[in-house]
Amino acid sequence: MTNPASAPVLAVRGLMKRFGGLVATDAVDLDVRAGEIHALIGPNGAGKTTLISQLFGELRPDGGTIALDGTVIDGLSTAQRVARGLARSFQITCLLSDYSVRDNVAIAVQVRQGHSFRFLANVRADRSLRAEADALLADAGLADRADEIVANLSHGERKQLELVVALANRPRLLLLDEPMAGLGHAESQQMITMLRGLKQTVAMLLVEHDMDAVFKLADRISVLVYGRVIATGSADEIRDHAEVRKAYLGEGDEAC
Amino acid sequence: MNGTSTFRPVLCLVVLVALVALPVFADATGQPALTSLATRILIYGIAAASLNLVLGYGGMVSFGHAAFFGIGGYVVGILYQHYAAGEPLLGLIPGSNQLLVTLPAAILVSGAFAALIGALSLRTSGVQFIMITLAFAQMLFFFFVSLKAYGGDDGLIIRRANEVPGLNMRDKQTVYYVCLTAAVIFFVLLWRVVNSRFGNVLVGLRQSERRMAAIGLPVYRYQLAAFVISGMGAGLAGALMANFMRFASPDMLHWTKSGELMVMVILGGVGTLFGPLAGAAVFIVLETVLAAWTEYWQLGVGAILLFVVLYTHGGVQALALRLVGRRP
Chain A
249 MTNPASAPVL AVRGLMKRFG GLVATDAVDL DVRAGEIHAL IGPNGAGKTT
299 LISQLFGELR PDGGTIALDG TVIDGLSTAQ RVARGLARSF QITCLLSDYS
349 VRDNVAIAVQ VRQGHSFRFL ANVRADRSLR AEADALLADA GLADRADEIV
399 ANLSHGERKQ LELVVALANR PRLLLLDEPM AGLGHAESQQ MITMLRGLKQ
449 TVAMLLVEHD MDAVFKLADR ISVLVYGRVI ATGSADEIRD HAEVRKAYLG
499 EGDEAC
Chain B
36 MNGTSTFRPV LCLVVLVALV ALPVFADATG QPALTSLATR ILIYGIAAAS
86 LNLVLGYGGM VSFGHAAFFG IGGYVVGILY QHYAAGEPLL GLIPGSNQLL
136 VTLPAAILVS GAFAALIGAL SLRTSGVQFI MITLAFAQML FFFFVSLKAY
186 GGDDGLIIRR ANEVPGLNMR DKQTVYYVCL TAAVIFFVLL WRVVNSRFGN
236 VLVGLRQSER RMAAIGLPVY RYQLAAFVIS GMGAGLAGAL MANFMRFASP
286 DMLHWTKSGE LMVMVILGGV GTLFGPLAGA AVFIVLETVL AAWTEYWQLG
336 VGAILLFVVL YTHGGVQALA LRLVGRRP
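Quick note, the sequences are listed as chains A and B, same order. Residue numbering for the first sequence follows the working numbering, beginning at 249 and increasing consecutively. Residue numbering for the second sequence follows the working numbering, beginning at 36 and increasing consecutively.
1) Work out the CA separation of phenylalanine 103(B) and phenylalanine 148(B) for me, nearest whole Å.
2) Taking 8 Å as the cut-off, decide whether the C-beta atoms of glycine 310(B) and glycine 350(B) are in contact.
3) Out of Lys183(B), Leu86(B), Gly190(B), Val300(B), state which residue places its alpha-carbon closest to the alpha-carbon of isoleucine 319(B).
4) Kindly say whether phenylalanine 233(B), judged by its beta-carbon, lies nearer than 8 Å to any beta-carbon of chain A.
5) Who does glycine 311(A) pair with in a DSSP beta bridge?
6) Is it right to say leucine 303(A) is buried, meaning 16 or more other beta carbons lie within 10 angstroms of its own, or is it exposed?
7) Compute the distance between the beta-carbons of valine 110(B) and phenylalanine 262(B), then report whether it is under 8 Å.
8) Would you kindly work out how many angstroms separate the C-alpha atoms of histidine 348(B) and leucine 354(B), rounded to a whole number?
9) When the Cβ atoms of the segment 447-456 of chain A are set against those of the segment 356-373 of chain A, are three or more pairs found closer than 8 Å?
10) With distances taken between CB atoms, is the gap from valine 236(B) to tyrosine 92(B) smaller than 8 Å?
11) Which two residues bound the contiguous beta strand (DSSP E) that contains methionine 452(A)?
12) Histidine 100(B) by DSSP, collapsed to three states: which one?
13) Is there a Cβ of chain B sitting closer than 8 Å to that of glycine 500(A), yes or no?
14) Name the DSSP beta bridge partners of alanine 479(A), please?
15) DSSP state of threonine 326(A), grouped into three classes?
16) What separation, rounded to the nearest whole angstrom, lies between the Cα atoms of valine 349(A) and phenylalanine 178(B)?
17) Touch check for the segment 113-131 of chain B and the segment 165-180 of chain B: three-plus C-beta pairs under 8 Å?
18) How many Å lie between leucine 401(A) and leucine 415(A) at the Cα?
19) Which residues in chain B sit within 8 Å of valine 280(A), going by Cβ to Cβ distance?
20) Tell me whether threonine 298(A) sits in a helix, a strand or coil according to DSSP, three-state version.
21) Report, in whole angstroms, the separation of the C-beta atoms of threonine 112(B) and tyrosine 185(B), which I expect to be a contact under 8 Å.
22) Is the segment 419-427 of chain A close to the segment 388-401 of chain A, with three or more CB pairs under 8 Å?
23) Mark glutamate 502(A) as exposed unless 16 or more other C-beta atoms lie within 10 angstroms of its C-beta, in which case mark it buried.
24) With DSSP collapsed to three states, give me the class of arginine 341(A).
25) Tell me whether leucine 431(A) sits in a helix, a strand or coil according to DSSP, three-state version.
26) Taking only three categories from DSSP, how would you classify isoleucine 167(B)?
27) How should serine 181(B) be labelled, buried or exposed, when 16 other C-beta atoms within 10 angstroms of its C-beta is the threshold for buried?
28) Quick check: glycine 146(B) and glycine 266(B), are their CB atoms within less than 8 Å of each other?
29) Go ahead and pull the three-state DSSP assignment for arginine 360(A).
30) What separation, rounded to the nearest whole angstrom, lies between the Cα atoms of glycine 475(A) and histidine 286(A)?
31) Quick one: is asparagine 370(A) near chain B, going by C-beta distance under 8 Å?
32) Does any residue of chain B bring its CB to less than 8 Å from the CB of methionine 249(A)?
33) Going by beta-carbon coordinates alone, are asparagine 370(A) and serine 231(B) separated by less than 8 Å?
34) Does the beta-carbon of glycine 500(A) have 16 or more other beta-carbons within 10 angstroms, so that it is buried, or is it exposed?
35) For my contact list, glycine 80(B) and alanine 315(B) are in at a C-beta cut-off of 8 Å; report their separation, rounded to the angstrom.
36) If you draw a straight line from the alpha carbon of alanine 379(A) to that of valine 199(B), how long is it in whole angstroms?
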């Protein structure tokens with residue numbers, strides 16, 4: 249919090265990650281500013297999910313630094329990063345499948361509120377958790393599914409719930425790992441509308457293959473190829489970038 | 036909905052009344068052995084329910100819970116030996132034959148061991164966790180086997196059960212009621228814990244550790260806390276068992292005992308509050324009945340366990356609920 253006015257929400261400098269001989273993250277520099285959706289695109293295997301996992305503290309980088317709101321968070325655990333305002337959604341949805349939709353959100357609210365070393369009071373009778381979970385679900389249009397068990401949800405609903413659970417942490421920065429993957433056209437449009445509505449309150453790093461969504465949502469786009477950021481710029485700049493066309497979009501072709 | 040919400044409390048009350056009346060019934064029908072049988076069921080029920088807290092609720096498959104059961108027993112045995120000999124343990128800690136001293140001591144010591152073993156074991160997960168908890172329990176088993184000062188592999192005889200002011204602990208019925216009191220307090224606390232915020236994250240951890248970490252939970256800390264609580268419960272059961280048998284031996288820590296506790300949990304219903312108690316009842320009744328017929332009684336238990344796992348979808352508890360027409 250040294251200089252909140254000018255410091256980007258997320259600042260990555262020289263991030264390195266190797267798996268044996270494979271360089272998965274190669275001297276990556278990346279900024280996400282307040283109020284910005286920064287898209288990260290790149291072909292399969294470019295290292296996008298690996299990068300997200302390092303930002304979130306699930307994987308330890310071999311070098312470089314990550315700063316959140318101007319504070320270096322390299323040594324922090326995932327839990328500590330979440331407490332400082334980081335949240336992520338998963339490409340392959342990762343939810344509590346025996347719990348109801350509401351319970352999935354309520355438990356995230358519970359953990360955000362502080363430690364859970366409370367052994368005697370009944371958690372299901374806690375109105376504050378339930379009310380906040382229901383409010384978040386209503387915002388996402390999932391209110392009528394609140395009592396459904398997650399195992400019974402459709403793929404699209406799970407993707408939505410991933411986002412709601414991440415929002416329950418009241419994050420400063422959302423790391424979104426392919427939120428549109430596997431969604432139908434109507435569901436994608438719904439997700440795009442939802443993310444656009446969130447832009448005012450939370451900055452986002454958006455990993456996505458759906459180019460339609462990327463060009464609609466992103467303020468800036470970075471292109472990751474073989475672990476390197478080969479270009480960063482506005483949608484138009486990226487569309488016209490020769491190296492990007494060659495490496496990713498396919499020469500002469502329209503965006504896939 | 037109304038039926039479901041009143042069904043459980045009513046069932047609990049009926050079972051509790053039956054348990055209170057049991058020794059009277061046993062005496063009236065000339066079967067005093069029934070009281071001893073029920074005492075063992077209550078004690079193993081506490082141990083199995085403790086294991087179930089980590090195994091069923093938290094998804095941590097500990098194969099070494101006999102260690103805490105045995106430590107609870109040895110705390111009672113060792114304190115009694117020093118009390119009887121009149122010389123303090125290590126020249127510092129006086130012995131005791133007071134149940135109200137030895138039970139809390141057993142709970143604390145087994146909790147401390149659970150903290151130590153859990154702190155190391157929980158660095159791993161899956162099959163490694165099963166194996167490392169087994170390894171720690173076997174280490175303690177061999178430690179007590181070689182501990183000649185406290186009976187070695189012959190075990191430690193406790194000449195008289197611990198005393199409770201105002202009660203005659205030589206009477207088997209009194210011992211039964213003491214165990215029943217302990218079990219009631221234990222299960223009320225356990226019921227509160229599994230429905231608390233702590234229980235909520237514990238059940239979340241079973242479903243997905245990754246998700247719980249992603250919402251900001253320091254996973255290891257909560258798993259360790261559950262492991263310690265679970266170890267304390269098993270220690271309580273061990274201490275009661277030592278009083279009931281008036282004997283503590285390395286057998287209490289043997290890996291087959293860990294296996295038996297697991298079988299009770301699975302028989303009764305993994306991740307249910309009273310399932311392990313029902314499982315303990317089925318296991319001990321089967322053991323008693325089958326052992327009277329054949330020395331290969333374990334074969335029968337094995338066949339029944341197989342049936343339960345394959346066909347009941349949730350143990351005896353689920354089977355019983357289905358029989359009265361309710362979804363488990």
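Backbone N, C-alpha and C fix where the C-beta goes; we use that ideal spot for every residue, glycine too. None of these values were measured; they are calculated from a predicted model.
According to the structure data:
1) 7 Å
2) The answer is yes: Cβ separation under 8 Å.
3) Restricting attention to Lys183(B), Leu86(B), Gly190(B), Val300(B), the CA atom closest to the CA of isoleucine 319(B) is found in Val300(B).
4) yes
5) Met264(A)
6) buried
7) no
8) Take the alpha-carbon of histidine 348(B) and the one of leucine 354(B): they are about 8 Å apart.
9) Flag = no, the segment 447-456 of chain A and the segment 356-373 of chain A do not touch.
10) no
11) Annotation for methionine 452(A): the continuous beta strand (DSSP E) segment containing it runs 451-455.
12) DSSP, read as helix, strand or coil, puts histidine 100(B) in coil.
13) Its pLDDT being 46, under 50, glycine 500(A) is placed unreliably by the model, and nothing is read from it.
14) Val471(A)
15) helix
16) Going from the Cα of valine 349(A) to the Cα of phenylalanine 178(B) covers about 49 Å.
17) no
18) 19 Å
19) Within chain B, no C-beta atom comes less than 8 Å from the C-beta of valine 280(A); the nearest is roughly 19 Å away.
20) helix
21) Before going on, a small fix: residue 112(B) reads as glycine here, not threonine. So it is a contact: roughly 7 Å between Cβ atoms.
22) no
23) Residue placement at glutamate 502(A) is flagged as unreliable, the pLDDT there being 46, under the threshold of 50; the coordinate-derived value follows with that caveat. So glutamate 502(A) ends up on the exposed side.
24) The residue asked about is misnamed: residue 341(A) is threonine in this sequence, not arginine. Judged by DSSP in its simplified three-state form, threonine 341(A) adopts coil rather than helix or strand.
25) Coil, per DSSP.
26) helix
27) exposed
28) yes
29) Assigned with DSSP and collapsed to three states, arginine 360(A) falls in helix.
30) 17 Å
31) yes
32) Caution applies to methionine 249(A), whose pLDDT of 42 falls short of 50 and renders its modelled position unreliable; the model cannot decide the point.
33) yes
34) Reliability of the predicted coordinates at glycine 500(A) is poor, the pLDDT of 46 falling under 50, and the value obtained from them is presented with this limitation in mind. By the neighbour-count rule (16 or more Cβ atoms within 10 Å), glycine 500(A) is not buried but exposed.
35) 4 Å
36) 49 Å
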